[in-house]
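Mapping of the sequence shown onto UniProt numbering: residues 1 to 220, in sequence order.
In this text, a Cβ means the ideal position worked out from N, Cα and C, and glycines have one as well.
Beneath this line is the structure, given in structure tokens, with notes to follow.
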Amino acid sequence: MAREAGVSRGLVSLAMSGSPNVAADTRERIMQTAQKLGYTRNLGVAMLAAKASPIVGIALPNLENPFFESIVTAIQHVADTRGMLALTATASSSAERERKVIESFQSLRASGLIIVSPTLDNSALAELSQDIPLCIVGAPSAGGSSMSVHIDETYAIHLAINHLLDCGFEQLAFFSVPPEAAADSASKERVAAYKKACKEYGLQPRVVRAQTLISAAKKI
Numbered sequence: 001m002a003r004e005a006g007v008s009r010g011l012v013s014l015a016m017s018g019s020p021n022v023a024a025d026t027r028e029r030i031m032q033t034a035q036k037l038g039y040t041r042n043l044g045v046a047m048l049a050a051k052a053s054p055i056v057g058i059a060l061p062n063l064e065n066p067f068f069e070s071i072v073t074a075i076q077h078v079a080d081t082r083g084m085l086a087l088t089a090t091a092s093s094s095a096e097r098e099r100k101v102i103e104s105f106q107s108l109r110a111s112g113l114i115i116v117s118p119t120l121d122n123s124a125l126a127e128l129s130q131d132i133p134l135c136i137v138g139a140p141s142a143g144g145s146s147m148s149v150h151i152d153e154t155y156a157i158h159l160a161i162n163h164l165l166d167c168g169f170e171q172l173a174f175f176s177v178p179p180e181a182a183a184d185s186a187s188k189e190r191v192a193a194y195k196k197a198c199k200e201y202g203l204q205p206r207v208v209r210a211q212t213l214i215s216a217a218k219k220i
């Protein structure tokens, strides 16, 4: 294929792996040549030859929440532009299952992990971040070398309560995860912010524990 495209084998390898160090016109010529010759990149061979594979692992609590779907769509878009493959797995809001998902991505030599609303505790996540690039979404940074994409929970709770009070509601309940799943810092932060806001507004706090699945919330 390199001979057909008039470039070196090394340049073909860089282009097929999505390297930004290849000129756009050269990349296009190589890709057209690959299509002409019916060439498909062998991901397994590429993974063996490299220290890390072009895979980004995404661990989700479940597939019911539309918010998670929008996150995956955005990640896949960015991954595509960089020649990466975004793979998604669900942890079923279970720390044990989440650990198995992470181990599976590590066995694939993923270049990085994105964990959305993690169930594992911060110490486990911080330790994990020493072995592989880790980004946590929907929870504060776990420490170590991990990165975090998170909102200001306290400010968000205040906005929500202000809106409901403006709409004339006075008895406000807060739905949170079950006690066995409430160890993660994000859940604790949200409940604490809710109770604090209720105290400031003179409201009686009511925390209702429920499964995180939308179907379970609808039953309540």
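Residue burial classification, residue i (beta-carbon count within 10 angstroms, cutoff 16)
i: Leu60; result: buried
i: Leu11; result: buried
i: Pro118; result: buried
i: residue 250; result: Past the edges of the chain, shown from 1 to 220, lies residue 250, and the structure says nothing about it.
i: Arg190; result: buried
i: Tyr201; result: exposed
i: Val208; result: exposed
i: Arg206; result: exposed
i: Pro66; result: exposed
i: Asn122; result: buried
i: Ala74; result: exposed
i: Phe169; result: exposed
i: Ser93; result: buried
i: Arg9; result: exposed
Beta-carbon separation (whole angstroms), residue i vs residue j, contact threshold 8 Å
i: Thr88; j: Ile58; result: 5 Å
i: Leu172; j: Leu164; result: 6 Å
i: Glu98; j: Leu120; result: 6 Å
i: Leu85; j: Ala91; result: Actually they do not touch by this definition, with Cβ atoms about 20 Å apart.
Endpoints, beta strand (DSSP E) assigned at residue i
i: Leu87; result: 85-90
i: Ser176; result: 173-176
i: Leu113; result: 112-116
Terminal residues of the alpha helix (DSSP H) in which residue i lies
i: Arg82; result: From DSSP, Arg82 is part of no alpha helix (DSSP H); its letter is neither H nor E.
i: Gly10; result: 9-16
i: Val101; result: 95-107
i: Ala24; result: 24-37
i: Ala5; result: 2-5
Cut-off 7 Å between Cβ atoms - residues of its own chain near residue i, not counting five sequence neighbours on either side
i: Leu128; result: Ile102, Leu134
i: Val22; result: Leu11, Leu14, Ala15
i: Ala126; result: Ala142, Gly143, Gly144, Ser146
i: Ala95; result: Thr119, Leu120
i: Arg27; result: Ala15
i: Gln197; result: With the sequence shown as reference, residue 197 is identified as Ala, and Gln is not the correct amino acid for it. Excluding positions up to five away in sequence, the list reads Ile157, His158, Ile161.
i: Gln130; result: Gly144, Ser145
Residues near residue i in its chain [Cβ-Cβ closer than 8 Å; skip 5 each side]
i: Val137; result: Ile71, Ile114, Ile115, Val116, Ser117, Ser148, Val149, His150
i: Ile30; result: Met1, Ala5, Val7, Leu11, Val12, Ala15, Met16, Val22
i: Pro140; result: Ser148, His150, Ser185, Ala186, Glu189
i: Ala110; result: Ala52, Ser53, Ile55, Val56, Gly57, Leu87, Ile132
i: Glu69; result: Leu63
i: Leu108; result: Met47, Ser53, Ile55, Gly57, Leu87
i: Lys199; result: Pro205
Sequence-distant residues of its chain with Cβ nearer than 6 Å to residue i (five each side left out)
i: Ala193; result: Glu153, Thr154, Ile157
i: Lys36; result: none
i: Gly112; result: Val56, Pro133
i: Asp25; result: none
Please give the ranges of any beta strand (DSSP E) in the stretch 124-170, keeping only runs that are unbroken, at least 3 residues long and fully inside the region. 134-137, 147-149
Uninterrupted alpha helix (DSSP H) stretches inside the stretch 54-83 (no shorter than 4 residues): 66-81
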